[in-house]
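For reference, the structure is listed below as structure tokens.
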Amino acid sequence: MRPDGWIFMIISWLIIIGLFTFTLTRILRQKK
Amino acid sequence: MARQRWSSRLGVILAVAGSAIGLGNFLRFPVQAASNGGGAFMIPYFVALLLVGLPLMWIEWTIGRFGGGFGHSTAPGMFHSLWEKNKFIKYFGVIGIFGPIVIFIYYIYIESWLLGYSVFAIIGKYNSCTTEQSMAAFLQAYQGLTKNEFFSNIGPAYFFFLITFILNVSIIYMGISKGIEKVCEYALPVLFIFAVILIVRVLTLGAPDPQKPDYNTVNGLGFLWNPDWSSLKSAKVWLAATGQIFFTLSCGIGVILTYASYLTKQDDVALSGLSAASANEFAEVILGGSIVIPAAFAFFGPAGAAKIASGGAFNLGFVTMPLVMQKIAFGNIFGFMWFMLLFIAGVTSSISLAQPAVAFLEDEFNFSRKKASWVFAVVTFVLCQPAIFFLGRGVLDELDFWSVNVCLIVFAAIEAILFAWVFGMEKAWTELHVGSDIKIPRIYRFIIKYITPVFLLVVLGVWFWQDWRSVIIMKNISPENRPYVLATRIGLVLFFGVLALMVQRAWQRRKRKG
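For the protein sequence lines, the chains are A and B, in the order given. The numbering used here numbers the first residue of the first sequence as 1 and each following residue consecutively. The numbering used here numbers the first residue of the second sequence as 1001 and each following residue consecutively.
Okay, here's the thing in structure tokens:
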């Protein structure tokens, strides 16, 4: 895997994990 | 009759995410990404998510909740609520019932293959198929297209179809909170657990053949993620990325409208829509991108993986993956998990496709839930038969083409224009933020009003300009299949006409009752 492949994968994963975590925590906080 | 409601907020988010997470997340996405520029594909993919996917998600959640406030769970009534002065707009809403039924009648058959294959994986029925050709022959015989030592007729496939069909109808029969919501609450966590187990297994395969150290899972990830910058200049890649966003989010079908109609007026839609989209993206990019391509690469190398990717999503799921699973320890169990994972993803999607039709009968004809489910079951059971028995004649592909490639984009364009231009952006923005837990950036006022509708109309225009002639004259269909494809088209037109007539009757009933 080339370095630019790693960069694309990590950035994409971070964006999605960030969005997922943000929405999940907001919802769980609202539930409480 | 009291209107059904979701019992919890997490329940509705899981149901919408379950609707969106389907076979496409695990099969279509990796194939599309690998064959359209690898990592570079993610640039148009994220652009399409931001400019079309998320806006449509918010539009559908908002229209759905708004329409639900008037007692409508389906698009004809919702469109009428948005544009009361127009007598014809409700007929455009028919697409929001027609599309999901058409997808349901072939999708459920494919879903049943997954149930069959998960059983075959456990009992080792396909273990003697060790080449791509023999595994493809196994699938064809299962589908009833040929006969061989494994299957002499379509009986086993029909048996699994019946189980899958009864399962789906039973869930619908149980209703929104006791059926759909309950199933999704359990199914989605199981799906995520199976996917994580499979990813750990695949990524720890390393290089399975010591003679070929380059055939390893890290290079498999590279096959998917190494960017091909030149692909960004290709319009085809941008269209492929936009198409993938459409398919994956379940937008433009009408199911989100129906699910959101069971919310109350003060329930949030902005954060819920974003949550369902992000759960789907998690399942697609992180889970879906880390199973099939790295596994196929580790066993078949770069040339094999390229060939597999070009063979399409079904080849990858039903031919390559069973071969891969046979090559690893406890392959029967991992094979079962793979097919069961896809089956679960399929069930949570197909029940959402069934719901608009059932809700239409309940709302507009005052059918009880049970009666509506029975009518839906009988009608769709009959409609499923051509897709099953004329599979080799192009019927299934034809149903897929009109429902997904055409209805989806037309319907999305209509609802985007209705929402932003007819209902009005000011009212739409206010409605979107009623009960909202987040503030959507104001740039989305501009995006929803201008970018999303223009984007959809351009995609529709380009498709029409390029393909309408070849579609009409059935240019790419073999002459022996043309009568079947023509019959399918006539059947679809008639079915649309029947639904439009039902809408007309429903409105006449309403008028009489005042």
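Cβ coordinates follow ideal geometry from the N, Cα and C atoms, glycine included.
Of the candidates B:V1375, B:Y1450 and B:D1267, the residue whose Cα lies closest to the Cα of D1437 (chain B) is B:D1267. Annotation: Y1173 (chain B) to W1374 (chain B) spans about 8 Å, alpha carbon to alpha carbon.
Take G1392 (chain B), set aside five residues on each side of it, and the residues of its chain with a beta-carbon closer than 6 Å to its own are L1145, in chain order.
Ranking B:T1130, B:L1139 and B:I1291 by CA distance to the CA of S1112 (chain B) puts B:L1139 first.
If you check each beta-carbon in the region 1222-1246 of chain B against every beta-carbon of chain A, the ones closer than 7 Å belong to G1222, W1225, N1226 and P1227. Within the same chain, P1453, L1456, L1457 and L1460 come within 7 Å of A1413 (chain B) by CB-CB distance, once the 5 residues on both sides are set aside. Within chain B, no residue has its beta carbon less than 9 Å from that of L14 (chain A); the closest one is some 10 Å off. By the C-beta density criterion, E1281 (chain B) is buried, having at least 16 other C-beta atoms within 10 angstroms. Taking 7 Å as the Cβ-Cβ cut-off, the region 1468-1493 of chain B has no residue approaching chain A. Apart from sequence neighbours up to five positions away, the residues of its chain that approach G1093 (chain B) with a beta-carbon distance below 6 Å are A1075, P1076 and F1079, ordered along the chain.
A Cβ-Cβ distance of about 38 Å is found for the pair A1207 (chain B) and A1276 (chain B), leaving them out of contact under the 8 Å criterion. M1340 (chain B) places its beta carbon less than 8 Å from that of S1118 (chain B). In the displayed model, R1510 (chain B) falls within a helix according to three-state DSSP. In this structure, G1288 (chain B) sits away from F1041 (chain B), with a CB-CB distance that is not shorter than 8 Å.
Identification of chain B residues near T23 (chain A) by a Cβ-Cβ cut-off of 7 Å yields L1271, L1274, S1275 and S1278, ordered along the chain.
Listed in chain order, the positions of the region 1039-1050 of chain B with a beta carbon within less than 8 Å of a beta carbon of chain A are G1039, A1040, M1042 and F1046. The beta carbon of K1327 (chain B) sits closer than 8 Å to the beta carbons of P1208 and F1299 from its chain, once the five residues preceding and following it are set aside; these are given in chain order.
Residues T1217 of the same chain have their beta carbon placed closer than 6 Å to that of L1203 (chain B), with the five preceding and five following residues left out of the count.
Nearest neighbour of T21 (chain A) by Cα position, chosen from B:L1014, B:L1224 and B:S1278, turns out to be B:S1278. Setting aside the 5 residues that flank it on each side, A1034 (chain B) is surrounded in the same chain by F1223, L1224, I1293 and A1309, each with a C-beta closer than 7 Å to its C-beta; the list follows chain order. For the C-beta of I1438 (chain B), the chain A residues within less than 8 Å are, from N- to C-terminus, R26. Annotation for Y1142 (chain B): F1151 and A1157 place their beta carbon closer than 6 Å to its own, counting only its chain and skipping 5 residues before and after. Only buried fits F1194 (chain B), as 16 or more other CB atoms lie within 10 angstroms of its CB.
Between the region 1320-1338 of chain B and the region 1123-1130 of chain B there are three or more C-beta pairs closer than 8 Å, enough to call the two in contact. For I1388 (chain B), the uninterrupted alpha helix (DSSP H) run begins and ends at R1369 to F1389, by DSSP.
DSSP places W1225 (chain B) in the uninterrupted alpha helix (DSSP H) bounded by T1217 to W1225. For the C-beta of V1292 (chain B), not a single chain A residue is nearer than 7 Å; the gap to the nearest is close to 16 Å. For I1286 (chain B), the chain A residues whose C-beta falls within less than 8 Å of its own C-beta are W13, I16 and I17, listed in chain order. Nearest neighbour of L1232 (chain B) by Cα position, chosen from B:G1435, B:A1500 and B:V1047, turns out to be B:V1047. Under the DSSP assignment, Q1355 (chain B) falls in the alpha helix (DSSP H) whose first and last residues are G1331 to F1365. The three-state secondary structure of V1485 (chain B), taken from DSSP, is helix. Listed in chain order, the positions of the region 1057-1077 of chain B with a beta carbon within less than 7 Å of a beta carbon of chain A would be empty, since no residue qualifies. If you draw a straight line from the Cα of I1253 (chain B) to the Cα of T1242 (chain B), it comes to about 15 Å. Shortest Cα-Cα distance from A1283 (chain B) to any of B:L1342, B:G1312, B:W1229 and B:K1178 involves B:L1342.
Take the alpha-carbon of F1318 (chain B) and the one of Q1133 (chain B): they are about 12 Å apart. For the C-beta of N1405 (chain B), not a single chain A residue is nearer than 9 Å; the gap to the nearest is close to 26 Å.
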